Amino acid sequence: MKIFLIILAILVAVAIAAFLGAIAYGRLTGWETRTRKADQGMYDFDAAQRSATDNDALGCTKGLCAEPDVVLPEPPDSAENAFARIERHIEADRSEVERVDDRSDITYRRYVVRTPLMRFPDTVDLRWSPEGWRAMSRSLLGRSDLGANEKRLRQWFDIEND
């Protein structure tokens, strides 16, 4: 019985060390490799390609896309005013948020968002037009985001949960 408890204690210690190592690895590397970057690039809203897994959230102002996960509000009258409002909500986000687009298009912004503990990278695309908003939040890693991408869009656009 004593040997069993020693082996069990060693296995538990190894599991804890592996978990802490994964956290440290993710926090230090940012989950990037030479072949995989945190920024997933510009999302093509016209093609509207969705993840095969439950790993993204699409948001649009009513009528701008077929099956949004989140219906976004009507936008302010200019891209500058629209993004200024969104920026206030982004600043309140507890996650690390970095703008990664080339800033050449005043109607488009792309961000890499890293979760607080494990620093998992998600890419968020925001497209403004006078007709409305289109937004895509997508996770790079995993098979399910557990609702994190939809929650992020609701937070950034100040939308109450249904």
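So the mapping is simple: the working numbering equals the position in the sequence shown, first residue as 1, plus 1.
We put the beta carbon where it would ideally sit given N, CA and C, even for glycine.
Because the structure is a prediction, the values reported are computed rather than measured.
What residue does the beta strand (DSSP E) around Arg128 start on, and which one ends it? 122 to 130
Which stretch, first to last residue, makes up the beta strand (DSSP E) that contains Arg86? Element bounds for Arg86: not the beta strand (DSSP E) but the alpha helix (DSSP H), 80 to 93.
Which residue's Cα is closest to the Cα of Pro131: Glu99, Arg89, Ile107? Ile107
Just to confirm before moving on: does the CB-CB distance between Asp40 and Asn150 stay below 8 Å? no
On the DSSP bridge list, what partners appear for Asp55? Ser145
Any contact of the stretch 48 to 62 with the stretch 108 to 116, i.e. 3+ C-beta pairs under 8 Å? Segments in contact, no.
Contact between the stretch 119 to 134 and the stretch 71 to 82: three or more CB pairs below 8 Å? Contact between the stretch 119 to 134 and the stretch 71 to 82 is present, with at least three C-beta pairs closer than 8 Å.
Run the CB neighbour count on Gly60, radius 10 Å, all protein chains shown included, and call it buried at 16 or more, exposed below. buried
For Thr124 versus Arg110, is the C-beta spacing smaller than 8 Å? no
Would you identify the three-state DSSP class for Gly133, choosing helix, strand or coil? Gly133: strand per DSSP, three-state reduction.
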